[in-house]
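S.K.:
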Amino acid sequence: MTAIGILALQGDVREHARAIDEAGARAVPVRRLAEIEAVDGLVIPGGESTTLWRLAMAFELLEPLRKLIAGGLPAFGSCAGMILLADDLTDGVAGQETLGGLDMTVRRNAFGRQVDSFERDVTLDLGGGADPAGPFHAVFIRAPWVERAGPDVSVVGTDSGRIVAVRQGSLLATAFHPELTPDRRVHELFVSMVKGTK
Ligand code: GLN
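For the sequence shown, this note's numbering begins at 1221 and goes up steadily by one.
1. Comparing alpha-carbon positions, which option in 1224, 1413 and 1362 lies nearest residue 1258?
2. Would you check if the segment 1266 to 1279 and the segment 1307 to 1323 touch, i.e. whether three or more CB-CB distances between them fall below 8 angstroms?
3. Could you check if residue 1413 is buried or exposed, using at least 16 other CB atoms within 10 Å of its CB as the buried criterion?
4. Looking only at C-alpha atoms, which of 1314, 1256, 1269 and 1400 sits nearest to residue 1295?
5. Go through its chain and collect everything with a Cβ distance to residue 1235's Cβ below 7 angstroms, but skip five positions before and after it.
6. Going by DSSP in three states, residue 1367 sits in which element: helix, strand or coil?
7. Just mark residue 1252 as buried or exposed, buried being the case when its beta carbon has 16 or more other beta carbons within 10 Å.
8. Could you pull the start and end residues of the beta strand (DSSP E) that residue 1284 belongs to?
9. Could you pull out every residue in the same chain whose Cβ sits closer than 6 angstroms to the Cβ of residue 1312, ignoring the five residues on either side in sequence?
Next up, the structure:
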């Protein structure tokens, strides 16, 4: 069975693990490099990107993770995880680094200047136009948005004209938290991407 690692440094690891299990793969919390190398895909949970970055440095995972992602390891990041997967970051703390992989600029805490947290229905394009299954109820918590998306980045979802979900090859990122609601469409898409069927 397809094994998907949930990067267990910080953040809502348990919620993602449950969502991945329900989406048809086997979730494995991973922290060590050998554990990460053994899985077919990786989820970077929501949490706090500055903490994830610092812990990844402390565990000497920053460079190895960059290499694995650049080398084709499928990855899905929600919120803080989206920040980690961005090639460029705006409004990070001094010196804050990302893993990169997605050709985009993400603004950290972008919605936070207006309102910290909110829930909104987002129309997703999971490949082939607006999803006929209807809008996705999205939970945003001090969320980033995508300020620049490169030519190879597909927009998967927008809110109020802002890009909030993207895909590039085997990388997927959402500014919201699909792991916090029962709708499994986003995790199912990622599982299909890992299996190579989408
Ligand atoms: N604002 C947080 C950060 O910078 C992300 C918040 C979240 O993941 N819910 O990482």
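Every residue, glycine too, gets a C-beta built ideally from N, C-alpha and C.
M.R.: Once the coordinates are examined:
1. Ranked by how close their Cα comes to the Cα of residue 1258, the residues 1224, 1413 and 1362 have 1224 in first place.
2. They touch, by the three-pair rule.
3. Taking all protein chains in view, the Cβ of residue 1413 is crowded by 16 or more other Cβ atoms within 10 Å, so the residue is classified as buried.
4. Relative to residue 1295, the option among 1314, 1256, 1269 and 1400 whose CA is nearest is 1256.
5. Within the same chain, residue 1235 has close Cβ partners 1399 and 1400.
6. If DSSP states are grouped into helix, strand and coil, residue 1367 belongs with the strands.
7. That one is exposed.
8. Segment 1282 to 1290 is the alpha helix (DSSP H) holding residue 1284; no beta strand (DSSP E) there.
9. 1328, listed in sequence order.
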